[in-house]
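In the numbering used here, the protein residues as written are 932 to 1159.
Glycine residues also receive a C-beta, built at the ideal position from the N, C-alpha and C atoms.
Here the structure is a predicted model, which is why all the values come from computation and not from measurement.
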Amino acid sequence: MIREPSALHAAAQILRRDLKLAFRRPGEWLQPVAFFLIVTMLFPLALDPELSRLRQLAPGALWVAALLASILAIEFLFREDGRDGTLEQYALSGHSFAWLLLAKTAAHWLLTGLPLAIAAPLAALGLGAPAAALPGILAALLLGSVSLSLLGAIGAGLTLGIRRGGALLSLLVLPLAIPTLVFGARATQLAIQGDSLAGPLYLLAALGVFGLTLAPLAAAAAVRISLE
């Protein structure tokens, strides 16, 4: 008797598939990182190059750029699979649809959120952040990018059936991302000042756990509605 693969195994296969397809189209996942670096590099050129002023603006510049870069990439999350019918096959596979979409969201985070977090310390140095603050900035971006990817999955599911839904996707995701933006910027500010950033990091982690609990279910419901 042939045993059907478990939902976890199926999700792992989807994660592997999405990563392979992404590396065949590197422009899709390199574009957000390039956008993030370009935006953060332009801030010192457009403002007073005084170091103290750059350090004050660094938290907001880093997190606004990261948020916009994440939204730039999230539009591609379900689009291709929605066009070729792959999402419909996932929905009819008998496995947990939420698990399968969580695997796709994890692939998006590995290709977008993780590179953004790794690039953030380099961008922070360009904005005058001290070297001692870089581990805290990296930790904040790692935790915050998880929430941004999960929120983006919900928005991508809601706008799946809409042509040129990028503007609507931004309007849906931006208000929901405000808590992540606020706590992330605060953690970055404390890291630059040399103070303890445990509080904002705990809040970012809590948002990530909350998102992992609800976002896959919400994204699955949104995609099912868009497929009907």
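For residue 963, the three-state secondary structure derived from DSSP is helix.
Within the same chain, 1091 come within 6 Å of residue 1013 by CB-CB distance, once the 5 residues on both sides are set aside.
Excluding residues up to 5 positions away in sequence, 1067, 1071, 1128, 1131, 1132 and 1135 lie with their Cβ nearer than 7 Å to the Cβ of residue 1118 in the same chain. As the crow flies, the alpha-carbon of residue 951 is around 18 Å from that of residue 963. The DSSP assignment places 1010–1014, 1017–1022, 1028–1039 and 1045–1057 as complete runs of the alpha helix (DSSP H) inside the segment 992–1071, in order along the chain (cut-off: 4 residues).
Collapsing the DSSP output to three states places residue 949 in a helix. Shown here, residue 1127 sits in coil according to DSSP, grouped into three states, outside any helix or strand. Across the set 1145, 1137, 1124 and 1112, the C-alpha of 1112 shows the shortest separation from the C-alpha of residue 991. For residue 938, the closest C-alpha among the options 1030, 1158 and 1011 is that of 1030. For the set 993, 1081 and 1007, the Cα lying nearest the Cα of residue 1094 is the one of 1007. Here residue 1156 carries a helix assignment [DSSP, helix/strand/coil].
For residue 1149, the CB contacts under 6 Å within the same chain, skipping 5 residues up- and downstream, are 1085 in chain order. Its chain contains 1048, 1049, 1051 and 1052 as the residues whose beta carbon lies nearer than 8 Å to that of residue 1069, once the 5 sequence neighbours on both sides are disregarded; these appear in chain order. Within the model, the alpha-carbon separation for residue 1000 versus residue 1073 is close to 14 Å.
Cα atoms of residue 1033 and residue 1016: separation of roughly 18 Å, rounded to the nearest angstrom. In this structure, the straight-line span from the alpha carbon of residue 1140 to that of residue 1075 is close to 11 Å.
Across the structure, residue 1108 and residue 1153 are spaced so that their CA atoms are roughly 18 Å apart.
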